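What follows is one structure encoded as structure tokens, with my remarks underneath.
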Amino acid sequence: MSENWFYQAGGKARASTLDGLIGLMRNGLIDSHTPVWQEGFANWKPLGEALPEIAGSGAAVPPPHMPPVDRPARLPHEDPFRSESVTAAASPALPKLAVEDDGWQDTSPHPWRRYFARMIDITVFSASVGLLLGSVLATVAPALHEKIFYDMIGDNRAADAIFSTLIVVPVLALLTGLFGTSLGKFFMGVRLTLLDGRPIGVPAAFGREFSVYFRGLGLGIPLVVLLTLVSSHNRLKTDGVAPWDRDRPWVVTYRPDGAVQVLLVITGLVIWAAVFGFILTL
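Written out as structure tokens, the structure is:
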């Protein structure tokens with residue numbers, strides 16, 4: 001059975017793999033009624049009929065409008081992050097989408113990518129925001145600066161960890177809410193968008209970031225954060241979706257593996273190590 005599949009969501013068609021369809025089913029983003037197509041099909045079929053081993057054949061009811069399949073010579077696809085183009089001599093004519101065939105259709109869980117993306121973001125943005133905030137407070141409110149950065153944090157590693165994870169929440173909410181990515185997510189190949197590829201918006205991103213801060217990072221409290229990280233890792237591997245993304249109108253997708261992605265991962269880790277080393281010298 002071919003791994004190249006197409007499915008309809010929100011009135012639009014998108015490319016996927018068999019594992020990707022399974023991940024979407026687990027996330028509740030598609031169901032047995034969702035029209036799917038692959039090479040060899042004359043027309044779109046309900047997922048429950050095309051893949052009864054995934055959805056259960058008895059639950060599938062064909063939707064009332066299944067468009068016929070057009071067969072263009074080639075899909076409009078050129079992606080610098082993928083090593084090969086996608087030839088679709090027998091693929092359906094897909095509408096022009098922001099996420100159509102852009103190489104980000106992988107929805108299978110990648111917990112380590114997400115972990116390192118988060119660590120890069122926390123390290124880089126906590127350092128930059130902390131330095132900026134400290135400089136401003138030292139200028140406009142020296143007494144408050146001394147109280148926060150010397151009396152409250154100072155050599156208190158627990159307080160420093162809690163403060164560092166908290167101050168990046170608004171930064172990451174703005175970045176993911178507006179652009180669907182962040183510095184760490186870019187290097188690790190992680191993206192957060194609505195199903196049609198649009199950003200989820202700042203209000204929703206704020207709620208998600210605070211959920212990650214409480215449920216995923218345990219408020220940054222040492223030892224507690226280890227428990228929450230292990231729990232989140234296990235849930236993501238088992239359920240295919242993180243607790244803060246379950247039953248939400250957005251989806252986390254990933255850049256496919258390849259030479260470019262490996263290079264980006266190495267670059268991100270080098271930046272992380274450099275900033276972390278700089279922090280230790282302060």
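The sequence shown begins at 1 in full-length UniProt numbering and counts up one residue at a time. By construction, the Cβ of each residue, glycine as well, lies at the ideal position given by its N, Cα and C atoms. Since the model is a prediction, treat every value here as computed from it, not as a measurement.
Proximity to Ser211 across Leu227, Pro243, Leu236 peaks at Pro243, based on C-alpha coordinates. The beta-bridge partner set that DSSP reports for Trp37 consists of Phe6. The shortest CA-to-CA distance from Thr228 to any of Gly216, Thr238, Lys237 is the one to Gly216. With 16 or more neighbouring CB atoms inside 10 Å of its own CB, Pro199 falls in the buried class. The way I'd put it, the stretch 123-134 doesn't touch the stretch 28-44; fewer than three beta-carbon pairs between them come closer than 8 Å. The DSSP-derived three-state label of Val241 is coil.
Assignment of Ala42 by DSSP, reduced to helix, strand and coil, places it in the coil class. Relative to Ala50, the option among Leu29, Ser231, Arg26, Trp5 whose CA is nearest is Trp5.
Counting only residues of its own chain and dropping the five nearest sequence neighbours on each side, Lys237 has a CB closer than 8 Å to the CB of Pro109, Pro111. Sequence-distant Cβ neighbours of Asn27 in its own chain, meaning closer than 6 Å and more than five residues away, are Val241.
Distance from Met188 to Val265 at the Cβ level is roughly 6 Å; contact confirmed, criterion being Cβ atoms closer than 8 Å. DSSP places Ala274 within a helical segment (H, G or I) once states are collapsed to three. Nearest in C-alpha terms to Ile30, of all of Ile279, Arg208, Trp250, is Trp250. Using a Cβ distance threshold of 9 Å, Trp104 and Arg191 count as a contacting pair. Excluding the 5 residues flanking it on each side, Tyr213 has same chain C-beta neighbours closer than 8 Å at Thr165, Leu166, Val169, Leu219, Gly220, in chain order. Excluding its 5 nearest sequence neighbours in each direction, Leu133 has C-beta neighbours in its own chain below 8 Å: Ile167, listed in chain order.
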